[in-house]
Amino acid sequence: MYLLYYSPGACSLAAHILLEELGVPFELQLRSAVKGIGTHTAQYLNINPKGRVPALLCLDGSIGEQTGVLTELPAILFYLANQSSPARFIADTPDESARTLEWLNWLSGTVHGLGYGQVWRPQRFVDDKRLFPAVIEKGRSTVMESYRFIEQRLAARADGAAYNIVHPVLLVFWMWGKWLDIDMSLHFPRWTQRIQSIIERPAVQRALATEGIDINTFT
Numbered sequence: 001m002y003l004l005y006y007s008p009g010a011c012s013l014a015a016h017i018l019l020e021e022l023g024v025p026f027e028l029q030l031r032s033a034v035k036g037i038g039t040h041t042a043q044y045l046n047i048n049p050k051g052r053v054p055a056l057l058c059l060d061g062s063i064g065e066q067t068g069v070l071t072e073l074p075a076i077l078f079y080l081a082n083q084s085s086p087a088r089f090i091a092d093t094p095d096e097s098a099r100t101l102e103w104l105n106w107l108s109g110t111v112h113g114l115g116y117g118q119v120w121r122p123q124r125f126v127d128d129k130r131l132f133p134a135v136i137e138k139g140r141s142t143v144m145e146s147y148r149f150i151e152q153r154l155a156a157r158a159d160g161a162a163y164n165i166v167h168p169v170l171l172v173f174w175m176w177g178k179w180l181d182i183d184m185s186l187h188f189p190r191w192t193q194r195i196q197s198i199i200e201r202p203a204v205q206r207a208l209a210t211e212g213i214d215i216n217t218f219t
């Protein structure tokens, strides 16, 4: 039994989708600054001192030999995918597993941490507020450069890679692109085409509905 701490539409959506895909028992715990239960409350910082979502709590005991709390999206996705027998939504060879981790680390570190970090949290990069506009602009540039790379990689796979733990993360960033008023279907048609097939999955639809997200009006 798992407990996932999440925020609607955040990167935690990818972990939520995977839990739905696996069909394992889980509960959700909302974190929302608007509702006064954000990620920097004393209660949540006691669970995850990093003050971020997602955080996955194993209610049945520990995760490995450590405490029952696991943080960082790539780690959570990799852990959950390997809990099923046989492992689902993850490669079964060392080479392919390494490629999966390559994708997840880049998406988490560069696209999210650097690109969107600069766009939405410029204060993490500079103290001088006068520099915020330049940081935000650099973040948008990083996002667009990264998105072009994603489009090229997806276009190179004409048959489409088998659905795996990377795809829910790609869905999140596709949605975030709409948040930045990027015309995703115009500029990234192959990516958008892949997303259309992803959102048809019942598990994805359940997760989106639970978080109150309408993919067609998400802006």
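Its first residue numbered 1, the sequence shown is counted upward by one per residue in my numbering.
Don't be surprised by glycine CBs; every beta carbon is placed ideally from N, CA and C.
Assumed close pair residue i, residue j - CB separation to whole angstroms, cut-off 8 Å
i	j	result
Ser12	Ser32	The pair is not a contact, with the Cβ atoms about 12 Å apart (cut-off 8 Å).
Leu180	Arg140	7 Å
Gln29	Leu70	At roughly 14 Å, the Cβ-Cβ gap does not stay under 8 Å, so Gln29 and Leu70 are not in contact.
Leu22	Ser84	6 Å
C-beta contact flag for residue i and residue j at 8 Å
i	j	result
Leu104	Val169	yes
Pro122	Val111	no
Met1	Leu73	no
Thr142	Gln118	yes
Arg88	Glu151	no
Gly68	Leu80	no
Phe188	Tyr147	yes
Leu107	Phe173	yes
Leu154	Arg194	yes
Ile213	Gly9	yes
Asn48	Ala55	yes
Contacting residues, own chain, Cβ-Cβ under 7 Å from residue i (five flanking each side not counted)
i	result
Asn82	Ile90
Ile198	His167, Leu171, Val204
Gly207	Position check: residue 207 holds Ala in this sequence, whereas Gly was assumed. Here the set comprises Leu13, His16, Ile17, Glu20.
Val24	Tyr2
Leu131	none
Neighbourhood of residue i by C-beta distance below 6 Å, restricted to the same chain and skipping five residues each side
i	result
Thr192	Met184, Ser185
His40	Gly51
Glu211	Pro8
DSSP state of residue i mapped onto helix, strand, coil
i	result
Phe125	coil
Ile150	helix
Val204	helix
Glu72	coil
Tyr116	helix
Gln43	helix
Glu27	strand
Ala55	strand
Ile213	coil
Leu104	helix
Thr110	helix
Asp95	helix
Arg157	coil
Lys50	coil
Pro86	coil
Any non-hydrogen atom of the ligand HEM within 7 Å of residue i CB
i	result
Leu170	Absence of the ligand HEM from the depicted structure is noted, as is the absence of any ligand whatsoever, leaving it without description.
Beta-bridge pairing of residue i - partner residues as DSSP gives them
i	result
Tyr222	The first residue shown for the chain is 1 and the last is 219, placing residue 222 beyond what the model contains.
Ile37	Ser32
Neighbourhood of residue i by C-beta, 8 Å cutoff - its chain only, sequence neighbours within 5 removed
i	result
Gly38	Arg31, Ser32, Tyr44
Lys138	Gln118
Ser97	Ile90, Ala91
Val126	Phe132, Val135
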